[in-house]
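The next block holds one structure in the form of structure tokens; read it before the comments.
Number of protein chains: 2
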Amino acid sequence: MRNKLWILISLIFIGFACSSPVADNSTPPADQLPSWNDGKVKKEIFDFVDAVTDPESPTFVEIPDRIAVFDNDGTLWSEQPLYFQLFFVIYQIKKMAPDHPEWITEQPFKAILDDDMATLKTFGMKELLELVMTTHAGITSVEFENAVMDWLHNDRHPSLKKPFTKLVYQPMLELMNYLRDNDFKVFIVSGGGIDFMRPWAEEVYGIPRNQVVGSSIVTQFELKDGEPVLVRMPELNFIDDKEGKPVGIYRHIGRKPIFCGGNSDGDLQMMQYTDSGKGKRMMLYIHHTDAEREWAYDRDSHIGRFNKALDEATEKGWTIVNMKTDWKVIYPE
Amino acid sequence: MRNKLWILISLIFIGFACSSPVADNSTPPADQLPSWNDGKVKKEIFDFVDAVTDPESPTFVEIPDRIAVFDNDGTLWSEQPLYFQLFFVIYQIKKMAPDHPEWITEQPFKAILDDDMATLKTFGMKELLELVMTTHAGITSVEFENAVMDWLHNDRHPSLKKPFTKLVYQPMLELMNYLRDNDFKVFIVSGGGIDFMRPWAEEVYGIPRNQVVGSSIVTQFELKDGEPVLVRMPELNFIDDKEGKPVGIYRHIGRKPIFCGGNSDGDLQMMQYTDSGKGKRMMLYIHHTDAEREWAYDRDSHIGRFNKALDEATEKGWTIVNMKTDWKVIYPE
Chain X
1 MRNKLWILIS LIFIGFACSS PVADNSTPPA DQLPSWNDGK VKKEIFDFVD
51 AVTDPESPTF VEIPDRIAVF DNDGTLWSEQ PLYFQLFFVI YQIKKMAPDH
101 PEWITEQPFK AILDDDMATL KTFGMKELLE LVMTTHAGIT SVEFENAVMD
151 WLHNDRHPSL KKPFTKLVYQ PMLELMNYLR DNDFKVFIVS GGGIDFMRPW
201 AEEVYGIPRN QVVGSSIVTQ FELKDGEPVL VRMPELNFID DKEGKPVGIY
251 RHIGRKPIFC GGNSDGDLQM MQYTDSGKGK RMMLYIHHTD AEREWAYDRD
301 SHIGRFNKAL DEATEKGWTI VNMKTDWKVI YPE
Chain D
1 MRNKLWILIS LIFIGFACSS PVADNSTPPA DQLPSWNDGK VKKEIFDFVD
51 AVTDPESPTF VEIPDRIAVF DNDGTLWSEQ PLYFQLFFVI YQIKKMAPDH
101 PEWITEQPFK AILDDDMATL KTFGMKELLE LVMTTHAGIT SVEFENAVMD
151 WLHNDRHPSL KKPFTKLVYQ PMLELMNYLR DNDFKVFIVS GGGIDFMRPW
201 AEEVYGIPRN QVVGSSIVTQ FELKDGEPVL VRMPELNFID DKEGKPVGIY
251 RHIGRKPIFC GGNSDGDLQM MQYTDSGKGK RMMLYIHHTD AEREWAYDRD
301 SHIGRFNKAL DEATEKGWTI VNMKTDWKVI YPE
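Chains X and D, in that order, are what the protein sequence lines are. Going letter by letter, the first sequence gives residues 1 to 333 in full-length UniProt numbering. Going letter by letter, the second sequence gives residues 1 to 333 in full-length UniProt numbering.
As structure tokens, this is what we get:
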């Protein structure tokens, strides 16, 4: 449950969707994945897309069934040293602090106000839940969206000193565009908050709000001075992680994906679910192997642990991206 | 709650999406709503769409914000003498009966097996919940979808003697196509079961599965003999009716609609929510006034009651469709 809460605490914004030029018959096709090094993984991606989109292919898939799902944290953008949604929580607590003088001495707020990361990392379910509910609930849907956008515009990643919206993976932006160019419908299926991701997912990833699936808290319709509002309640509604991911896919998409991208054990069940369909499918795992340009972590990491799934992906021959060798660049620009 | 359950018990299939010819500059535009009589309502629809799609209009709306939501029962297809989803329940109970000899003497099953509509109509929450859970839960998502399609292909409406899929409203099919031709994204937001509607909504209404919002039961991911399945549990997850409709819109769409179609008090809150946004909006209520070609009912009906909302729609000047005078035809063909 603690892990679920860290997951629940998670995602942002790049402001440009690079669309590759469409090739016509008279010129050789442009490389639609220019940030991917040539090799086994890149070939597997091209081969998969050809196999499901070529009308002559025995494994051709009709357009409505071309569903691709992607985890967000660690798959589409970085997730170290904390899920980015937790940086939003920290930012929000500090912003709210002047109205809560008691927080100066009260945990779990004190640790945040003191920038005491050591204590913050010891927090269990109770403390994390209190922090999430304090920052995510008790306000309307509009107020929450404004808070997320305020954070995005004003906060910076602590070590990389960039807006979080610049810490998305350029190769994955290209992959999503490539799939869309081939009539895939692309969804996010993340343990992060659905309402945390939606305000920026369209601009950053080209993914419309209604194609974002995530964890949620209970929301309630009220007439406030005659004005209809949606009030966010301090109660969990749905945890879109592990076994929750195939459930979130069923609930929001209603079709089994044929492509699934992820990076951690939290994505294993949606990989298994994707793999279980008939016909050609592609399960693609990002392995964080690049301590120099990003981070290197897998089996022992508290965040984005890739252990059981690493074994299963290897055993089943799923595609594993080696970030260090498969990607020419990590971030845009 | 009883009403909610009747709502929960509801929605089908026509197999043709009529798309109107696109006009070019040299010919007068074709009437994209040929089944609507000329008059105030038809003009209001055209005026609204012009006002939000003409780039020169002061009330122009960008494409991502062109969200239209439609109730299903009584708005896109008929709902008398029972919500159609209840006919599915009846069909399913009869199909399952040979394996349940005890049902011959046990309520609520006996009433269904005896075609005892009088008793059926006396059922309260407890009985209805038992019928719904017996037919909607305890099976996998795939088994449920197969059951819905079996019903659709084999059952007929008791008085109209047609497949339920033929009892959708031709004028509304045209309206949805007209909106889509103008770059609206069209959603169903229904009290009926989300998984009951999805298998046929795309073929009948042109609405993709992920644009269907409805009531749901809890679903659970399981590995059954190593095979991932989604098992439908006998527990309500979400009731997408009344106050639930704006919540369902927030959860699945993440944007406030600018167009809302409905027919009953159950749609009032999503009408209010749609109306509360800035800029031009359209709230369109279907009034069932045609006892000859369909049914006539409003304030006193148990199904699709249109009472409080009829007052509010009148008072606020929302569009009210008089089925008898505004529609040239009711059903396709």
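We treat Cβ as the ideally placed atom computed from N, Cα and C, and that holds for glycine. Source: prediction; values computed, not measured.
{"query": "Residue range of the unbroken alpha helix (DSSP H) whose run includes K328(X)", "result": "Neither: K328(X) is in no alpha helix (DSSP H) and is coded neither H nor E."}
{"query": "D115(X) to A201(D) span [Cα, whole Å]", "result": "52 angstroms"}
{"query": "Expected contact under 8 angstroms - CB spacing of V186(X) and F70(X) to nearest Å", "result": "7 angstroms"}
{"query": "Cβ pair Y205(X), D155(X) closer than 8 angstroms", "result": "no"}
{"query": "Residue closest to M172(X), alpha-carbon to alpha-carbon, out of N37(X), W318(X) and A147(X)", "result": "N37(X)"}
{"query": "D99(X) classed as buried or exposed, judged by whether at least 16 other C-beta atoms fall within 10 angstroms", "result": "exposed"}
{"query": "8 angstroms Cβ cutoff, S216(X) in contact with chain C", "result": "Annotation note: the requested chain C is absent from the structure, which comprises protein chains X and D."}
{"query": "Proximity of I258(D) and I67(D) at Cβ, strictly below 8 angstroms", "result": "yes"}
{"query": "C-beta atoms of A309(D) and D275(D) nearer than 8 angstroms", "result": "no"}
{"query": "Residue burial classification, S159(D) (beta-carbon count within 10 angstroms, cutoff 16)", "result": "exposed"}
{"query": "Assigned exposure category for E222(X) - 16 Cβ within 10 Å defines buried", "result": "exposed"}
{"query": "Nearest neighbour of T289(D), chosen from L113(D), I112(D), R180(D) and G74(D) [CA to CA]", "result": "G74(D)"}
{"query": "Own chain residues within Cβ distance below 6 angstroms of G244(D), not counting five before or after", "result": "none"}
{"query": "Supposed contact pair I93(D) and T135(D) - C-beta distance, whole angstroms, cut 8 angstroms", "result": "6 angstroms"}
{"query": "Any 3 or more C-beta pairs closer than 8 angstroms across the region 316-328 of chain D and the region 100-115 of chain D", "result": "no"}
{"query": "Residues in the region 270-296 of chain X having any Cβ partner in chain D nearer than 7 angstroms", "result": "Q272, Y273 and S276"}
{"query": "Within chain D, partners of E202(X) - CB distance below 9 angstroms", "result": "P64"}
{"query": "Under 8 angstroms between C-beta atoms of A313(X) and Y273(X)", "result": "no"}
{"query": "Residues of the region 238-252 of chain X with Cβ closer than 7 angstroms to any Cβ of chain D, in chain order", "result": "E243, P246, V247, Y250, R251 and H252"}
{"query": "Closest Cα partner of K278(D) within the set L76(D), R255(D) and E294(D)", "result": "R255(D)"}
{"query": "Interfacial residues, the region 209-233 of chain D to chain X, with Cβ spacing under 9 angstroms", "result": "R209, N210, Q211, V212, S216, V218, T219, Q220, F221, E222, L223, E227, P228, V229 and L230"}
{"query": "Terminal residues of the beta strand (DSSP E) in which A137(X) lies", "result": "Element bounds for A137(X): n/a, residue is neither H nor E."}
{"query": "Nearest-angstrom Cα separation, counted from A30(D) out to A23(D)", "result": "At A23(D), the pLDDT of 40 sits below 50, so the modelled position is not reliable; the number obtained from the coordinates is stated separately. Taking the straight line from one Cα to the other gives about 6 angstroms."}
{"query": "7 angstroms Cβ cut-off: residues of chain X touching G138(D)", "result": "Those within 7 angstroms of G138(D) in chain X number zero; the least Cβ separation is about 16 angstroms."}
{"query": "Where Q32(D) sits in the DSSP three-state scheme", "result": "coil"}
{"query": "Chain X contacts made by the region 178-207 of chain D, where a contact means CB separation under 7 angstroms", "result": "R198 and E202"}
{"query": "Assigned secondary structure, K256(D) (DSSP; H/G/I helix, E/B strand, else coil)", "result": "coil"}
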